[in-house]
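*Asks:*
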Amino acid sequence: MGRSPSFDKNGRKKGPWSPEEDDKLRAYVQRYGHWNWRELPKYAGLSRCGKSCRLRWMNYLCPNVKRGGFTEEEEDLILQLHRQLGNKWSAIATRLPGRTDNEIKNYWHTHLKKRLMKENGEAIFEPKEQEIEASKSETNLKQRSNQITEFPSENRAILESAPLSPELSSSEFSSSLTYDYAVLRDKEWVIEDGNSTNSSALLAEAIGNFWTEPFLEDKSFNKNEFSSRMEEGEFFYPDSLYFDDGMDLLYQVLKDFPEM
DNA sequence: AAGACAACCAACCGCCTCAGC
DNA sequence: CGCTGAGGCGGTTGGTTGTCT
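Residue numbering for the first sequence follows the working numbering, starting at 43 and increasing by one per position.
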C-alpha cells in the first residue's frame, strides 16, 4: 500500500518503507533516541528526509503504537472528542493511548464521518467557535510541559520509570505527562484532569497499564558491540552527542521532583 | 474471469509555531 | 525584533485491496 518508490531532487527516497529501512530506523531510534530528525537519517544510514523518518516512527514503528481496529469505546471517544475539539487530531490522539493522529484522522474520514452522517443526516457536526478556541489553549503543548511541576504526587510512580526507557521518545514522554485524560463514566467519556479525586486510579483504569508498566532497563547497549557496529558501518553516531532527549527529560523531572 | 468502482491507509506536502541566535 | 531551522499538525494524494457487476 502507499506510493511507488521514487526519489526527490536531493536523491532521497520517497514512497513506501522497506523492512530493511524500518529495521534501521527502529534500531537507531530505540538505541539513541531522535535527537534531531533532520540529521538522523544520515547517521542511521537512511536516504530519507527527516520528516519522513519522523512520520514513519511516530505512526508505525514506535512500540507504543497500537495496531488493529478501533474498539467501540475508542470510536465513541473519538466522536465525543471531535465534537469538543474539532479536527485537532493530535489533541484527540493524546487522549487515546497508542493511537496516532494520522490513524485517528484516517479512521474518522473512512468510518466515523459516515457513521455520523447516518446518525445525524447529511449535516456533520462542526464544533462551536468557542469550543475550538478553548481547545487551542487546552492543547498547547508548551502549557502542558509547564504543568509538569504541578503533577500530582500520586502519579509520580509513573514518571519514576518512564524517562529511562530507550523506547520512549521525548514527545511520547511529554504526552504521558499530560494529566488530563478521558474516562468512561456512565457510558459517557469524560475528560478528567489530574487534580480530580482518585485521578491516578482512574488514569490506570482508563488507559490500562500502558503508561504505568515498568520499563525494562536497556541492557542491550554494549560499548564493544557498539564499536563493532560502528566499524561495520551500521550506524554513525555524532561525537558531540552523548545523551538523547530522553535523558534531558529525566534531568528535567529530577529537577522538578528532587525528592525522587 | 475481468473490469469498474469503492474503501482503506501509508505517506507526502505545505503551513504554522516556537526556540535559538 | 527579525531571521532561520526544526518539529509538529492537518489536509490531501495515490497505490493497494476488496467488492460488485
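Glycine included, each C-beta is placed from N, C-alpha and C at the ideal position.
Less than 7 Å between the C-beta atoms of A133 and L127, yes or no?
*Replies:* Residue 133 sits at position 91 when you count from the first residue of the first sequence. Residue 127 sits at position 85 when you count from the first residue of the first sequence. In this structure, the beta-carbon distance from A133 to L127 falls below 7 Å.
*Asks:* Is G92 near W79, with beta carbons less than 7 Å apart?
*Replies:* For this step, residue 92 is matched to residue 50 along the first sequence. For this step, residue 79 is matched to residue 37 along the first sequence. Closer than 7 Å, so yes.
*Asks:* Quick check: the Cα distance between D32 and N129, rounded to an integer number of angstroms?
*Replies:* Since the displayed the chain opens at 43 and closes at 302, residue 32 lies outside it and no answer follows.
*Asks:* Nearest to Y85 by alpha carbon, out of S94, L67 and T142?
*Replies:* Position 43 of the first sequence holds residue 85. The option with the nearest alpha carbon to Y85 is L67.
*Asks:* Exposed or buried, which one is G57 when buried takes at least 16 other CB atoms within 10 Å?
*Replies:* For the purposes of this step, residue 57 is taken as residue 15 along the first sequence, with counting starting at 1. Looking at its Cβ environment, which holds fewer than 16 other Cβ atoms inside 10 Å, G57 is exposed.
*Asks:* State the DSSP-derived secondary structure class of S94, mapped to helix, strand or coil.
*Replies:* Here the question's residue 94 lines up with position 52 in the first sequence. The answer is helix: DSSP assigns S94 an H, G or I state.
*Asks:* At 4 residues or longer, what runs of the alpha helix (DSSP H) sit wholly inside the stretch 59 to 92?
*Replies:* 61 to 74 and 82 to 86
*Asks:* What three-state label does DSSP hand K55 in the structure shown?
*Replies:* Sequence index remark: in the first sequence, residue 55 carries index 13 (1-based). Correct three-state label for K55: strand.
*Asks:* Leaving out five residues on either side along the sequence, give the residues of the same chain with a beta carbon under 7 Å from the beta carbon of M100.
*Replies:* Against the first sequence, residue 100 aligns to sequence position 58. So the qualifying residues of the chain are T142.
*Asks:* Return the CA-CA distance between D64 and N106, expressed in angstroms with no decimal places.
*Replies:* Numbered from 1 along the first sequence, position 22 holds the residue referred to as residue 64. Numbered from 1 along the first sequence, position 64 holds the residue referred to as residue 106. If you take the alpha carbons of D64 and N106, they lie about 15 Å apart.
*Asks:* For the candidate residues S94, S60, R73 and G140, whose alpha-carbon lies nearest to that of D50?
*Replies:* Counting from one through the first sequence, the residue named residue 50 turns up at place 8. Residue S94 is the option with its Cα nearest to D50.
*Asks:* Measure the Cβ-Cβ separation of R10 and W59 and say whether it is below 7 Å.
*Replies:* The question about residue 10 has no answer, for the chain in this structure spans 43 to 302.
*Asks:* Closer than 6 Å by C-beta to S48: which residues in its own chain qualify, once you throw out the five before and the five after it? Chain order, please.
*Replies:* Here residue 48 refers to the residue found at position 6 of the first sequence. These residues qualify, in order along the chain: K56 and G57.
*Asks:* Would R157 be called buried (16 or more neighbouring beta carbons within 10 Å of its own) or exposed?
*Replies:* Stepping through the first sequence from its first residue, residue 157 is reached at position 115. Its Cβ having fewer than 16 others within 10 Å, R157 is exposed.
*Asks:* I need the straight-line Cα distance from H153 to R96, nearest angstrom please.
*Replies:* Indexing the first sequence from 1 puts residue 153 at position 111. Indexing the first sequence from 1 puts residue 96 at position 54. So the two alpha carbons sit approximately 26 Å from each other.
*Asks:* Just grab the DSSP bridge partners of I48 for me.
*Replies:* Taking the first sequence and counting its residues from 1, one reaches residue 48 at position 6. It should be noted that the sequence gives Ser, not Ile, for residue 48. The bridge partners DSSP lists for S48 are K56.
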